[in-house]
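Quick notes on the structure that follows.
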Amino acid sequence: MKIAMVSSECEPFAKTGGLADVVDALARALGELGHEVDVYLPRYRGVDPPGPAQRMRVVLPAAESVDLLSARARGYRLRLVDHPRSFDRAGFYGEGGTDYPDNGARFAVLGRAALEAIRAEGGGVALLHGHDWQAGPAVLLRDLCYGTDPVLAGMATLVTCHNLAYHGWVPRERVGSLGLPATVGAPDGVDLLREAVARADIVNTVSPTYARESRTPEYGAGLDDILRARGDTYLGILNGIDPRLWDPATDDALPQRYSIDDPTGKAVCRSDLAGRLGLDLRAEDGGMPLFGMVGRLDPQKGFDLLTGAAEAMLADGARLVIIGTGDDRLVRGLREIGARWPRRLAILERFDRDEARRIYAGSDLLLMPSRFEPCGQSQMIALRYGTIPLVRHTGGLADTVVDADADPARGNGFVFGPAEPAALVAAARRAIAAYRDTARWGALVRRAMACDFSWSASAPRYVEAYDRALTIRRRRSGGGPAA
Ligand code: GLC
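Count the sequence shown with my numbering and you get residues 2 to 484, in order.
This is the structure:
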């Protein structure tokens, strides 16, 4: 099958979060299953094709032309949409904490360029797979502007919601810049994610639990009505990770590599990390675990819960290292706590791929107290690195982490329920107690490292979803059996 993905991020070319890893790894996994995948990505500042590129000019209806740079990436074709006015900027989505006001129009250029390229090349693309609101314009444009186009009309659409918190809101006075009919959306503007979710042949999110949760007002971010209305055309498909990209046995960033058969290097990674960060790991009372946290400093990730819990956790003896960038207000409280516990808490406010890998490897536990988590990938990486996840029971975390006290035979982590600091502190105490039982901890680490979250289970589920989208599309365009 020929698939066109439209995404605002793709690792290693452009990344702010898990979306980038998922697009790259899924495209590759589909390639390995024999499918042909094109990934359409904006050519942001500093992004170059991974190898010799073919340049193609596509003319957009507004008489603007855009260059498309196509090159083989690892297992798929990367197509960079080169439109400097839209994408040659300091940020992907904004600067200094403020979104670019023309984001809708910028991602409409991405979508338009993809559709025009598919059309110019005479079709063959069975399915358009859009990721998050940034792919909304592609889906809307196809329906509203190319709905009778002989090449594009039969193409099925699938939209993956990686995060319902971002909708891509375009106020009415800017709707004209999307190139869509003036009547689209609500009177005051267009919610690009809502429109895309309403229109796509199939919609999915990235874990079964989040698919259930997001149908409720508490988690649906204002889209629960429409997600419920989709019935069985809204699916939950768990993300995977690429076990070759995340492997402590081959990871060049680590001071010493290790594996399930020879885990000694993990202790070296741990003391290297603590030493460099000035954390004191002296074993008083039988040893204290090092908790790591990797990710966007975003309310979603539960940083406020952590701020409420950190003082008690550190007083209990926990050591904590945090790496990430994002909302400055969220880290201020933690920085103040860090000033009181300089030998127990380290905060690295930067984006650093290699240091993040050393934290996955060198920590004993990985914290993910997320308020909501469509899938989450850090917990899967942590397991692979023998680092025990401590998570809140929500979304993909609930689908991948089993509490070791509640289910000693299958447990691979620690899980708490209420979104309250006290619940996090209590789970951390359970984890500290387990850590001090050396035999139990060793068994837990081995069980963690044996977990398999590769794409081999999930990529075929996307293929099934694509097939269903094609069936639905054929019915909609009158070419197949009636529903
Ligand atoms: C978003 C979600 C995260 C998910 C990722 C990839 O970043 O917040 O839970 O793992 O997308 O799907």
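Glycine included, every Cβ here is placed at the ideal spot set by N, Cα and C. Quick caveat: nothing in here was measured; it's all calculated off a predicted structure.
The Cβ-Cβ distance between LEU335 and PHE304 falls below 9 Å.
Secondary structure of VAL67 (DSSP, three-state): strand. If only uninterrupted alpha helix (DSSP H) runs of at least 4 residues are considered, those enclosed by the stretch 267 to 340 are 304 to 316. Distance from the C-beta of PRO370 to the nearest heavy atom of the ligand GLC is not below 8 Å. Sorting THR265, LEU274, SER178, ASP317 by C-alpha distance to the C-alpha of ALA434 places ASP317 at the top. Excluding five sequence positions before and after LEU331, the CB atoms of its chain that fall closer than 8 Å to its own CB belong to LEU298, ASP299, PRO300, PHE304, ASP305, THR308, given in chain order. In this structure, ALA127 and MET2 form a Cβ contact; the two beta carbons are roughly 5 Å apart against a cut-off of 8 Å. Around the beta carbon of ALA410, a 10 Å sphere encloses fewer than 16 other beta carbons of the protein chains shown; the residue is thus reported as exposed.
If you check the C-beta of VAL269 against the ligand GLC, you find no heavy atom less than 8 Å away. Going by DSSP, ALA5 is part of the beta strand (DSSP E) stretching over 3 to 7. Shortest gap from the CB of LEU194 to any heavy atom of the ligand GLC: 8 Å or more.
Taking a contact to require three or more Cβ pairs closer than 8 Å, the stretch 175 to 186 and the stretch 224 to 232 do not qualify as touching. For the ligand GLC, a non-hydrogen atom lies closer than 8 Å to the CB of ASN240. As a beta-bridge residue in DSSP terms, GLU37 pairs with LYS3.
By the Cβ neighbour-count rule, ARG283 is exposed, with fewer than 16 other Cβ atoms within 10 Å of its own. Contact between VAL198 and PRO375 does not hold, since their C-beta atoms are separated by about 14 Å, which reaches or exceeds 8 Å. For TYR235, the enclosing beta strand (DSSP E) begins and ends at 235 to 237.
For LEU224, the CB stays at least 8 Å from every heavy atom of the ligand GLC. Secondary structure of ASN104 (DSSP, three-state): helix. DSSP lists no bridge partner for ARG447. With fewer than 16 other beta carbons inside 10 angstroms of its own, THR149 counts as exposed. In this structure, GLY18 has its beta carbon less than 8 Å from a heavy atom of the ligand GLC. Put simply, of ARG258, PRO218, GLY325, ARG448 the residue whose alpha carbon is nearest the alpha carbon of LEU165 is PRO218. Its chain contains GLY190 as the residues whose beta carbon lies nearer than 6 Å to that of PRO172, once the 5 sequence neighbours on both sides are disregarded; these appear in chain order. Separation of the CB atoms of ASP22 and GLN378 is rounded to 6 Å, and the pair is thereby assigned contact status at 8 Å. Secondary structure remark: continuous alpha helix (DSSP H) runs of at least 4 residues inside the stretch 417 to 468, in chain order: 422 to 436, 439 to 450. In this chain, THR395 is not harboured by any alpha helix (DSSP H), its DSSP state being neither H nor E. Counting along the chain, PRO172 sits inside the beta strand (DSSP E) bounded by residues 170 to 172. Assignment of ILE203 by DSSP, reduced to helix, strand and coil, places it in the strand class.
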